[in-house]
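Enquirer:
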Amino acid sequence: MTTSYKPTTTEQLSLAFELYNRIPKGRKVTAKQLQTELAIAGIERDIRTIQRNLDVVVQYLGVDKDARDKPYGYSRRIGEQIILDPRELTLLQLAKSALVQQLPSSLEHAIESAFSFILDQPRSYTGTQPPQGGQTKVKATTESITKPEYITALFEPIAVALTHQKQISFALQDGESLEQVSPVGLITAYNEFYLVYQNTFNEYDDLPIKDITHLKVLTFHFDYPSDFKLSEYQLKSKAVNCSFANSASTINIRQ
Numbered sequence: 057m058t059t060s061y062k063p064t065t066t067e068q069l070s071l072a073f074e075l076y077n078r079i080p081k082g083r084k085v086t087a088k089q090l091q092t093e094l095a096i097a098g099i100e101r102d103i104r105t106i107q108r109n110l111d112v113v114v115q116y117l118g119v120d121k122d123a124r125d126k127p128y129g130y131s132r133r134i135g136e137q138i139i140l141d142p143r144e145l146t147l148l149q150l151a152k153s154a155l156v157q158q159l160p161s162s163l164e165h166a167i168e169s170a171f172s173f174i175l176d177q178p179r180s181y182t183g184t185q186p187p188q189g190g191q192t193k194v195k196a197t198t199e200s201i202t203k204p205e206y207i208t209a210l211f212e213p214i215a216v217a218l219t220h221q222k223q224i225s226f227a228l229q230d231g232e233s234l235e236q237v238s239p240v241g242l243i244t245a246y247n248e249f250y251l252v253y254q255n256t257f258n259e260y261d262d263l264p265i266k267d268i269t270h271l272k273v274l275t276f277h278f279d280y281p282s283d284f285k286l287s288e289y290q291l292k293s294k295a296v297n298c299s300f301a302n303s304a305s306t307i308n309i310r311q
């Protein structure tokens with residue numbers, strides 16, 4: 057006789073918070089939409105499991121359920137503090153970095169004020185240690201990205217790994233694979249997204265994200281290197297050795 061798998065309490069809580077982090081304010085989202093978002097993040101659950109956990113979220117986490125029409129809609133209460141998931145946080149950081157470059161310096165204070173709420177976002181991973189090295193994890197230039205569709209499946213796991221300081225493993229188009237490396241930055245430059253990482257020899261390297269065919273976020277936490285500055289990092293993936301110290305702005309992520 058076969059027995060069905062019963063998730064642990066930790067797994068159940070983790071799923072509930074994954075759902076909560078994806079429920080917006082001011083508009084509604086359905087269970088099916090949340091299921092799709094979780095699948096993109098690599099979390100596969102059937103619709104009944106999603107619905108059961110949404111009932112828990114509604115009961116305990118200040119989420120409203122609109123049951124007047126099907127499919128039911130879920131939204132956070134307006135009075136609740138805005139909590140961003142790693143994907144949303146990273147997107148806003150990239151947007152802020154690009155604005156700083158495009159607008160005059162006289163508007164820098166206004167930009168800082170407009171994006172001030174992202175500084176207060178919790179960034180601790182599932183554990184006891186606080187986040188580290190938060191000043192230079194994301195950087196953007198103003199060039200448009202060439203064929204950005206490839207980033208869809210990879211952006212969220214990369215954002216999770218950067219935000220929560222989790223090691224990653226990934227496979228490349230040429231068949232090579234890298235195991236247990238530490239992501240330290242995300243750069244947009246030369247019309248591409250680049251992942252900057254520290255390898256197992258404690259060396260820094262990078263590659264275009266479009267070269268990655270599969271990426272997995274591991275459970276291993278890493279200490280962000282105190283001697284690394286993304287603002288001074290020179291991309292190795294390009295034939296032209298270009299320093300970003302002056303050509304791209306750095307997003308501030310306060311601990």
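Residue numbers for the sequence shown follow our numbering, beginning at 57 and rising by one. Heads up, the beta-carbon is just placed ideally off N, CA and C, and yes, glycines get one too.
Considering only C-alpha positions, which residue in the set D120, V252, S233 and F211 is nearest to A95?
Expert: On the sequence shown, residue 95 is found 39 positions in, with the first residue counted as 1. Closest option to A95, Cα to Cα, is F211.
Enquirer: Of all the alpha helix (DSSP H) runs that stay within the bounds of the stretch 229-292, which reach a length of 4 or more residues?
Expert: none
Enquirer: What is the residue span of the alpha helix (DSSP H) that Y76 lies within?
Expert: As a working mapping, residue 76 is identified with position 20 in the sequence shown. Looking at the DSSP string, the run of the alpha helix (DSSP H) that includes Y76 is T65 to N77.
Enquirer: Tell me whether S180 sits in a helix, a strand or coil according to DSSP, three-state version.
Expert: The residue you call residue 180 lines up with position 124 of the sequence shown. Because S180 sits at a pLDDT of 48, beneath the cut-off of 50, its placement in the model cannot be relied upon, and the following sentence gives the value as read from the coordinates. S180 falls in the coil class under three-state DSSP.
Enquirer: Given L148, which residues of its chain have a CB within under 6 Å of its CB, disregarding the five upstream and five downstream residues?
Expert: Mapped onto the sequence shown, residue 148 falls at position 92. Excluding residues within five positions, the ones whose Cβ falls inside 6 Å are I174.
Enquirer: Label N258 either buried or exposed according to how many other C-beta atoms from any shown protein chain fall within 10 Å of its C-beta, with 16 as the threshold for buried.
Expert: The residue labelled residue 258 in the question sits at position 202 within the sequence shown. Looking at its Cβ environment, which holds fewer than 16 other Cβ atoms inside 10 Å, N258 is exposed.
Enquirer: Classify I98: buried if its beta carbon has 16 or more other beta carbons within 10 angstroms, exposed otherwise.
Expert: Numbered from its first residue, the sequence shown carries residue 98 at position 42. Reading off the sequence shown, one finds Gly at residue 98, where the question assumed Ile. Its Cβ having fewer than 16 others within 10 Å, G98 is exposed.
Enquirer: Which same chain residues end up closer than 6 Å to K272 when comparing Cβ atoms and leaving out the 5 residues on each side of it in sequence?
Expert: Along the sequence shown, read from residue 1 onward, the residue named residue 272 stands at position 216. So the qualifying residues of the chain are S225.
Enquirer: Helix, strand or coil: which one does DSSP assign to D122?
Expert: Numbered from 1 along the sequence shown, position 66 holds the residue referred to as residue 122. Note: D122 maps to strand in three-state DSSP.
Enquirer: What's the C-alpha gap between Q221 and S238?
Expert: Along the sequence shown, one-based indexing puts residue 221 at 165. Along the sequence shown, one-based indexing puts residue 238 at 182. For Q221 and S238, the distance between alpha carbons rounds to 8 Å.
Enquirer: What first and last residue would you give for the alpha helix (DSSP H) that runs through K62?
Expert: Along the sequence shown, one-based indexing puts residue 62 at 6. Careful: K62 lies outside any alpha helix (DSSP H) and carries neither H nor E.
Enquirer: Quick one: any contact between the stretch 115-130 and the stretch 162-170, if contact means 3 or more CB pairs under 8 Å?
Expert: no
Enquirer: Return the CA-CA distance between I79 and Y280, expressed in angstroms with no decimal places.
Expert: Here residue 79 is taken as the residue at index 23 of the sequence shown, counted from 1. Here residue 280 is taken as the residue at index 224 of the sequence shown, counted from 1. So the alpha carbons of these two residues sit roughly 30 Å apart.
Enquirer: Among S131, D141, R104 and K121, which has the Cα closest to the Cα of F73?
Expert: Translated into the one-based positions of the sequence shown, residue 73 becomes position 17. Out of S131, D141, R104 and K121, D141 has the C-alpha closest to the C-alpha of F73.
Enquirer: Have a look at the DSSP bridge pairing and note the partners of Y130.
Expert: Along the sequence shown, one-based indexing puts residue 130 at 74. DSSP lists V85 and K121 as partners of Y130.
Enquirer: Per DSSP, what are the beta-bridge partners of V194 in this structure?
Expert: Stepping through the sequence shown from its first residue, residue 194 is reached at position 138. V194 is bridged to L242.
Enquirer: Excluding the 5 residues preceding and the 5 following Q236 in the sequence, name in chain order all residues of the same chain whose CB lies nearer than 7 Å to its CB.
Expert: To locate residue 236, count along the sequence shown from 1; it is residue 180. Q223, S225, T256, L274 and F276.
Enquirer: Please state whether DSSP places I224 in a helix, a strand or coil.
Expert: For the purposes of this step, residue 224 is identified with residue 168 of the sequence shown, where counting begins at 1. Three-state DSSP puts I224 in a strand.
Enquirer: Would you mind working out which of A87, S153 and E164 sits nearest K126, comparing C-alpha positions?
Expert: Working through the sequence shown from its first residue, we reach residue 126 at position 70. Nearest C-alpha to K126: A87.
Enquirer: Work out the CA separation of L150 and F284 for me, nearest whole Å.
Expert: In the sequence shown, the residue the question calls residue 284 occupies position 228. In the sequence shown, the residue the question calls residue 150 occupies position 94. Cα to Cα, the separation comes out at about 19 Å.
Enquirer: Straight-line CA distance for G231 to P264?
Expert: Stepping through the sequence shown from its first residue, residue 231 is reached at position 175. Stepping through the sequence shown from its first residue, residue 264 is reached at position 208. Rounded to whole angstroms, G231 to P264 spans 15 Å at the Cα level.
Enquirer: How should D122 be labelled, buried or exposed, when 16 other C-beta atoms within 10 angstroms of its C-beta is the threshold for buried?
Expert: What you label residue 122 is simply residue 66 of the sequence shown in a count that begins at 1. With fewer than 16 Cβ atoms within 10 Å of its Cβ, D122 is classed as exposed.
Enquirer: Once the 5 residues before and after T66 are set aside, which same chain residues still bring their CB inside 8 Å of it?
Expert: Your numbering for residue 66 matches position 10 in the sequence shown. For T66, where only same-chain residues beyond five positions count, there are no Cβ hits under 8 Å.
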